[in-house]
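Just below is one structure, and these are the notes that go with it.
2 protein chains.
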Amino acid sequence: MKSRQHSDRGVVRRQAMAEHLMRHGSASVSELAEVFRVSVMTVHRDLDELEFHGMVRKYRGGASAQASSVFESNIAYRLTAQTEEKEAIARHVVGLIEPGSSVMIDDSTTALAIARHLSEVAPLTVVTNFLEAIRLLAPVPGIRLMALGGEYHPTHDSFLGVGCVDSVQAMNTDMVIVSTSAISDRHAFHQEQEIVLVKRAMVAAGTRCVLAVDHTKLDRVALHRVAPLEKFDVIVVDAGAPAEAVQRLRDRRHNVEIAG
Amino acid sequence: MKSRQHSDRGVVRRQAMAEHLMRHGSASVSELAEVFRVSVMTVHRDLDELEFHGMVRKYRGGASAQASSVFESNIAYRLTAQTEEKEAIARHVVGLIEPGSSVMIDDSTTALAIARHLSEVAPLTVVTNFLEAIRLLAPVPGIRLMALGGEYHPTHDSFLGVGCVDSVQAMNTDMVIVSTSAISDRHAFHQEQEIVLVKRAMVAAGTRCVLAVDHTKLDRVALHRVAPLEKFDVIVVDAGAPAEAVQRLRDRRHNVEIAG
DNA sequence: TACATCTAACGTTAAAACGTGTGAAGTTGT
DNA sequence: ACAACTTCACACGTTTTAACGTTAGATGTA
């Protein structure tokens, strides 16, 4: 993987800053400037951005951390995580897509990895509520793009809410691909209600449903159940998944595929 | 206005290339390469893009022009037109917006000019089907952004079709701002059916409706009627509008405002 | 098959965007 | 009212992106 120096540095620092705030609860601007060896101005800018994405709360003199659920879900700031695995999963999932068909994808980073490969199976109709995927796919010839409307959430860079759910319910695609932040032997989970509602609607809108998760999501739970695993025709995990966990899913007759 | 050399050159050339094709009906790749003093490769790239936006049809050896209705509507390639006027209109229209309210804007270049000024009246809820406006407004704090879904049309860089109309009909905003390609004394017009359907739905979704048109649109007609002018609470035109034309609108009791 | 045309990959260059700091101007809390 | 804090406007160096040409290989056409 290539080493982007400059462009990553800011992201890394903001990520670290968020973690610093999580650990200490709060911190002053000057303290952060000292710790991260940047100017006060830069700290302000970093905090502004973190606040925009809902990770911290700014007040005069410093900032404090937000509820950890937001932090957790805000994988946007840890999107370097499991990049390899997501790539492998994406390649595998794309192999399941039939050219000429229609697919719906959600607003996960996994979906983004998949979106990058979708031109390989053009012509294709793609439906999504994920702005980054829309940005990516709009200029691609051979891809018929349909956007799901809704209220824009900076935290996820996607459209959610009633508008989105309504839009999903008005559609049906040959395949639906979703990713969730945790799965047990029986259910898929996600910690945020609004996202859960959209994902549920999506699962109901697909002729075939694919659940794509990297191995770190296995054997975990989160606040809300998205759907029982029976709803998914295929579950794709990366090769890092413990054989034992995979076996347990298979014992329950779930169709698990390992992305190699 | 600043002179962007490099970035504009390509656009200008493609625009000229499209016009060349309109005049001559068709042309070979090598001919175009010679006329525009660029490599054959660049001609191919230009034609690919023009074809993606529906302006020309490529075939082996050259390309031919498409129906002029597409060309006309594809203002994207003439967006340098009436920039000053649109700016003035945009500033005026923004003055009509009440902070804290909700506005819906369409996928016209005028709407884009307006979008650039919307941060000035934040906080605001903005609803649109125009991808460029979405790109612009998504990162702006203080703007609650709602996207209208639908099928993406590269020609307009916006979302249209049944999905979009449904989304619009599910909403109601304090203000709706639309622009059309022609207006007579009685009606607003547009040449493309799909766009007409969306604009009509928009007009029906606003508590107050604003029609924003530059003076070149006055006293003209196009294929489809969008709506009778009575539907609009305000009609904003730039100062270049002939006094006589404005007077005729006012004689019909339309509320015309001149953007200075 | 032979020839023309097209595309894909790469390198070069110029422009735009980004990240950052500085100092001045504006705000806020006490 | 004052001191600390925040924002603004600008400048500067770096990175990233975009346009374009060249070449080599693929694809289509006669």
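Residue numbers (our numbering), protein chains in the order written: chain A, 267 to 526; chain B, 267 to 526.
Note that the Cβ used here is the ideal one computed from N, Cα and C, for glycine as well.
Predicted model only: the values in this text are computed from it and were never measured.
Proximity to P407 of chain A across A:G472, A:E364, A:V503 and A:A388 peaks at A:A388, based on C-alpha coordinates.
Annotated three-state conformation of A505 of chain B is coil, per DSSP. Separation of N521 of chain B and S450 of chain B (C-alpha to C-alpha, rounded to the nearest whole angstrom) is 14 Å.
For D432 of chain A, the C-beta contacts it makes with chain B under 7 Å involve A436, in order along the chain. Only residues of its own chain outside the window of five on either side were considered, and among them D451, I501 and V522 have a CB closer than 7 Å to the CB of L515 of chain A, listed in chain order.
In this structure, the CA atom of Q457 of chain A is about 20 Å from the CA atom of E317 of chain A. Within the same chain, and ignoring the five residues on either side of A299 of chain B in sequence, the residues whose Cβ sits closer than 6 Å to its Cβ are V306 and V309. The three-state secondary structure of L477 of chain A, taken from DSSP, is strand. At a cut-off of 9 Å between beta-carbon atoms, G276 of chain B makes no contact with chain A. Note: I409 of chain B is bridge-paired with B:L390 in the DSSP secondary-structure output. Between the region 390-397 of chain B and the region 369-379 of chain B, the count of Cβ pairs shorter than 8 Å is three or higher; the stretches touch. In the DSSP annotation of this structure, the continuous segment of the beta strand (DSSP E) that includes D440 of chain B starts and ends at T439 to V444.
By DSSP's assignment, F425 of chain B forms a beta bridge with B:Y418. For the options A:L362, A:S374 and A:T375, the alpha carbon positioned closest to that of E386 of chain A is the one of A:L362. The criterion of a C-beta distance shorter than 9 Å is satisfied by R280 of chain B and E315 of chain B. Think of a sphere of 8 Å around the beta carbon of G416 of chain A: the chain B residues whose beta carbon falls inside it are M412, A413 and G415, in chain order.
Contacts between P407 of chain A and chain B, judged by CB atoms closer than 7 Å, involve F318 in chain order. Shortest Cα-Cα distance from L414 of chain B to any of A:S433, A:H453, A:H422 and A:S445 involves A:S433.
For A507 of chain B, not one C-beta of chain A is nearer than 9 Å to its own C-beta. One alpha carbon belongs to H453 of chain A, the other to V487 of chain A, and they sit about 8 Å apart. With contacts defined as CB atoms closer than 9 Å, V462 of chain A and H490 of chain A qualify as a contacting pair. Residues of the region 293-317 of chain B with a C-beta atom less than 7 Å from some C-beta of chain A do not occur. A straight line joining the alpha-carbon of D499 of chain A with that of I443 of chain A spans about 10 Å.
Just so you know, the alpha carbons of I524 of chain A and V476 of chain A end up roughly 13 Å apart. Per DSSP, the continuous beta strand (DSSP E) segment holding I524 of chain A begins and ends at V522 to A525. In this structure, the beta-carbon distance from E460 of chain A to G429 of chain A does not fall below 9 Å.
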